[in-house]
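Below is one structure, written out as structure tokens; comments come after it.
There are 2 protein chains.
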Amino acid sequence: MTLYESYASDLSEAIAAGLFRPGDRLPSIREACRQRGISPATVFKAYYLLEAEGLIRAAPRSGYYVNARPTDRRLLEPKPSRPKTAGISIDTRDLVYDIHASLKQRSGVPLGSPFIDPTFFPLDRLRQSLVAAMRRLDPWSSVVDLPPGNRALKRQILKRYLAHGMKLAESEIVLTNGAMPALDLCLAAVAKPGDSVVIESPTFYVALQALQRRSLKAIEVATDCGEGIDLGRLAEVLEKRRPAACWLMTNFQNPLGSLMPDQKKRELVALLAQHEVPLIEDDVYGELYQGDVAPPSAKSFDRHGLVMHCASFSKTLAPGYRVGWTAAGGFATQVERLKLSTLLTGAIPTQAAIATYLQDGGYDSHLRRLRRTLADQQAVVVDAVHRYFPEGTRVSLPQGGYFIWLELPEPVDAVELFWAASAQGISIAPGPMFSARGEFSHCIRLNTGQVWSRKVEDAIVKIASLVAWQMPRSSPSPH
Amino acid sequence: MTLYESYASDLSEAIAAGLFRPGDRLPSIREACRQRGISPATVFKAYYLLEAEGLIRAAPRSGYYVNARPTDRRLLEPKPSRPKTAGISIDTRDLVYDIHASLKQRSGVPLGSPFIDPTFFPLDRLRQSLVAAMRRLDPWSSVVDLPPGNRALKRQILKRYLAHGMKLAESEIVLTNGAMPALDLCLAAVAKPGDSVVIESPTFYVALQALQRRSLKAIEVATDCGEGIDLGRLAEVLEKRRPAACWLMTNFQNPLGSLMPDQKKRELVALLAQHEVPLIEDDVYGELYQGDVAPPSAKSFDRHGLVMHCASFSKTLAPGYRVGWTAAGGFATQVERLKLSTLLTGAIPTQAAIATYLQDGGYDSHLRRLRRTLADQQAVVVDAVHRYFPEGTRVSLPQGGYFIWLELPEPVDAVELFWAASAQGISIAPGPMFSARGEFSHCIRLNTGQVWSRKVEDAIVKIASLVAWQMPRSSPSPH
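Protein sequence lines, in the order shown, are assigned to chains A and B.
Heads up: the first sequence begins at 1 in the numbering used here, then just goes up one per residue.
Heads up: the second sequence begins at 1001 in the numbering used here, then just goes up one per residue.
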């Protein structure tokens, strides 16, 4: 073994042992030379070798970093869901609200949280943008913009669509107070009480609540954590059940993390067009991809104005600013009108602040950093799950977003697990939150977007042992 | 006549002739001495006399100002409405949206606007509060506050209730993105599709839109521009029709401006308690009273948690900040839960800004100034209406808020008038906007909260002549 091979091998072992974690910086060339008494050329060769093996990456002008890559993936991915597709009236139980309240506790380890660690947001830059925007804001804007909202922001959003190859009209954009009101208004625009709406199984609990509030029936369609909703099943449902709309997350679905491939999105849009069923596309995680290229939205394949694309800055930039929108296709006028008698509009100062932030540049480089960070975060959490969770656990490996979905060995009850973990100051999101029928009782969603630390690792160890504790001890696991 | 009586008489005539308008400052003592060659004592005596007559008022350390008091009130007040109380499904016509869009035009004279002139808001102070609040804001607030929203703001709101003698629990306050979402969520909490809801006739058009959106039937109850809804009629409706809720504006009703007397509010609350019907109380204008004492809310008489009191800072401080709330009595938990799946919450920065503004003091003195300004503004607009509108016109004289309601001589069509005025760059709010059945076709609402100027006066003259033009010329008016 040459000197550089030996150094590379040592580093590789150190990475495998977790001495260097994903996102960690390797010693600089100079440091390595000093530490090992070797030449810069030797260090370079060792680093090149590790880079070729995919273990580390070079960041221009800043050094070498450990890549996100679990060392041992002994657990399988979760199986696709198999919901009954009969429409169901939803009755959200108190439990969901109790759980939601507990997910936001700051103390403890918020692995059930819907948000990433707020320290990942550029809060100082945003504050500066807010101050600058307020200095420039015309007093009349508070009257003239109620609604439609801040025009500069609309233009910035249109520019971002254009960068993704989508040329939309300004009139198509309806600004809202985060993505949730956008989704809700889109739903109101296309479905009336008693109608059925197709959702994924499992699905984001807010979709369930929105359907309940509007007296709509849910048709749950099988969805897997790889490529999303089952188009075959969906086609059957469209044929037989004539739903008023579909509400889907095409990119990094919450809670599964699934990513619908481009071709599948194209087919989805064609299928819906054939049945003239509108799509409410919840795309709040689309910017948080791990690959080199942004995944397209289903909207980008739409030629009939049937897709209402809903997104926000809440997952990427500033949850508290409450700025979201929908590009609502042929329903934009209707959605804007519905907004008039509910929201009126979002807060003008925060809209103006985000417009200023986008104008001044820096959002894209923030996003690049954030994507890399979240990818590293995910790898290290997935790694820990593979290391600590008992045999028979299945875990998803999303290509973006910040959630992973765990299917626990069958006897384990996720809600019991939730309470047991809560008692130890750890939150998790139990599966039944994400189902109209309270299914997924042995599944949990974990947030991978909390800054990795000994405390987070300990929390994962604790959850894993709570899982093991719930499993029958005498007989071997059925998996 | 003494010297001071003669001077007072001259001033009184000048005020009657409109040379001094409500809110105008009279010459200082020194100026008056110089102008008339009289002694300070003479000027003082003249001013005391005018003050005793109620024509002017002294403002400590700043001089004497002309009081709001129309000189010639030749027009009568509008008659109470007489709606059919059969429930009606609402079908808001496109017209309402077209009209609403046009009301916000900055160019021209926005006498149809729902907002006061933005220069009346303390925008600089608010901006400073926003900057200060952002400097102090804990990054975690953007996670922890989603929902319930900014706690400091909740406490400030509770303090204001306490100042009005109402001790509410923090858990009763649900922060929303302006009052409109609060009203809408309260409606959702107590009424399901197909239910009937009592509203005033005429009523705020957003109530009509909200009812339509939720597939609710409207029961319109007679309301006059003096004391509000007809309790006798309401009692009949409660007896016979079992509505799911009442949605009323107890203080300075929009569009009538009526103020329900304290005793009537007490009776209203008792009547609703007897029938166990919840009240959604829209009280966004309550702070804009002209008298010496704030009118109480119906909520203040509620002992059963049946009143959901909705208010905001949009009419008094900052429409664009979108900060409102409801004190939702026994329905607070339900409303907070509904909020979770729609709004989540309002923007945290603007909530924190208003909390800071309130903490630092100055809101009450701003309100005192604003009340005085709006009272003066109203007097001068009412004055102009009395002067220029044709015989047979009736006009309300609200004790607060910033709208007046005009009943025009019968053949006049308010929607036609709206279009004719629009063509001249003047907006008005035509009566049919405020009715489920498109009634009040000969009524208009005028905004008195735009800075008085020659341009505004000209606009009123133009509307008056458009009205006269629509009236039959050959025969005398039937009124």
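Backbone N, C-alpha and C fix where the C-beta goes; we use that ideal spot for every residue, glycine too.
Beta carbon proximity, residue i to chain A, threshold 8 Å
i: B/Y1363; result: no
i: B/I1173; result: no
i: B/P1478; result: Only weak support exists for where B/P1478 lies, its pLDDT of 49 falling under 50; the value from the coordinates is given anyway. So, not an interface residue.
i: B/V1277; result: no
i: B/M1180; result: yes
i: B/N1177; result: yes
i: B/I1404; result: no
i: B/G1401; result: no
i: B/M1134; result: yes
i: B/Q1378; result: no
i: B/T1373; result: no
i: B/D1282; result: no
i: B/P1139; result: yes
i: B/L1306; result: no
i: B/D1360; result: no
i: B/R1337; result: yes
i: B/V1131; result: yes
Burial state of residue i (16 or more Cβ within 10 Å)
i: A/H164; result: exposed
i: A/W405; result: buried
i: B/H1304; result: exposed
i: A/W469; result: exposed
i: A/T2; result: exposed
i: A/V293; result: exposed
i: A/L344; result: buried
i: A/I170; result: Note that residue 170 of chain A is Glu in the sequence shown, not Ile. Exposed is the call here.
i: B/S1314; result: buried
i: B/L1162; result: exposed
i: A/M220; result: The residue asked about is misnamed: residue 220 of chain A is Glu in this sequence, not Met. Buried: at least 16 other Cβ atoms inside 10 Å.
i: A/P193; result: exposed
i: B/K1154; result: buried
i: B/E1236; result: exposed
i: A/G149; result: buried
i: B/G1291; result: exposed
Chain B contact for residue i (CB, 8 Å cutoff)
i: A/Y357; result: no
i: A/V456; result: no
i: A/E13; result: no
i: A/T448; result: no
i: A/I348; result: yes
i: A/T342; result: yes
i: A/T345; result: yes
i: A/L271; result: no
Whole-number beta carbon distance between residue j and residue i, since they are thought to touch under 8 Å
i: A/L288; j: A/T316; result: 7 Å
i: A/A222; j: A/S196; result: Actually they do not touch by this definition, with Cβ atoms about 16 Å apart.
i: A/R394; j: A/E410; result: That pair is no contact at about 11 Å.
i: B/A1347; j: A/G346; result: 7 Å
i: B/E1281; j: B/M1260; result: At roughly 10 Å, the Cβ-Cβ gap does not stay under 8 Å, so B/E1281 and B/M1260 are not in contact.
i: B/G1329; j: B/E1077; result: 34 Å between Cβ atoms; not a contact.
i: B/L1111; j: B/I1426; result: 6 Å
i: B/L1238; j: B/V1277; result: 6 Å
i: A/H386; j: A/R74; result: 6 Å
Problem - Members of the segment 316-330 of chain A near chain B, C-beta cut-off 9 Å - result: A318, P319, G320, Y321, R322 and V323
Exercise for the section: Compile a chain-ordered list of the residues in the segment 148-163 of chain A whose CB is closer than 8 Å to at least one CB of chain B. Expected result: none
Exercise for the section: Would you list, in chain order, the members of the segment 190-202 of chain A that have their beta-carbon closer than 9 Å to a beta-carbon of chain B? Expected result: K192, P193 and G194
Practice task
Give a yes or no on contact between the segment 415-423 of chain A and the segment 1011-1024 of chain B, applying the rule of three or more CB pairs nearer than 8 Å.
Solution key: no
Problem - Stretch-stretch touch, CB-based, cutoff 8 Å, three pairs: the segment 353-366 of chain A with the segment 254-267 of chain A - result: no
Practice task
Tell me, please, whether the segment 439-459 of chain A touches the segment 376-391 of chain A by the rule of three or more beta-carbon pairs shorter than 8 Å.
Solution key: yes
Handout entry: Segment contact, 8 Å Cβ cut-off, at least three pairs: the segment 1275-1293 of chain B with the segment 1126-1140 of chain B
Key = no
Practice task
Can you give me, in chain order, the residues of the segment 1081-1100 of chain B that have a beta carbon less than 7 Å from any beta carbon in chain A?
Solution key: Y1097 and H1100
Practice task
Taking only beta carbons into account, state which residues of the segment 1113-1129 of chain B come closer than 8 Å to chain A, listed in chain order.
Solution key: S1113, F1115, P1118, T1119, F1121, L1123 and R1127
Handout entry: Stretch pair the segment 1385-1394 of chain B + the segment 1454-1473 of chain B: three plus CB contacts closer than 8 Å
Key = yes
Practice task
Take every Cβ of the segment 1427-1441 of chain B, pair it with every Cβ of the segment 1110-1127 of chain B, and state whether three or more of those distances are shorter than 8 Å.
Solution key: yes
Practice task
With 9 Å as the limit, tell me which residues of the segment 204-231 of chain A have their beta carbon closer than that to any beta carbon of chain B; keep them in chain order.
Solution key: Y205, V206, A207, L208, Q209, A210, Q212, R213, R214 and S215
Practice task
Compile a chain-ordered list of the residues in the segment 15-36 of chain A whose CB is closer than 7 Å to at least one CB of chain B.
Solution key: none
Handout entry: Segment contact flag, the segment 1354-1369 of chain B with the segment 1031-1047 of chain B, C-beta cutoff 8 Å, min 3 pairs
Key = no
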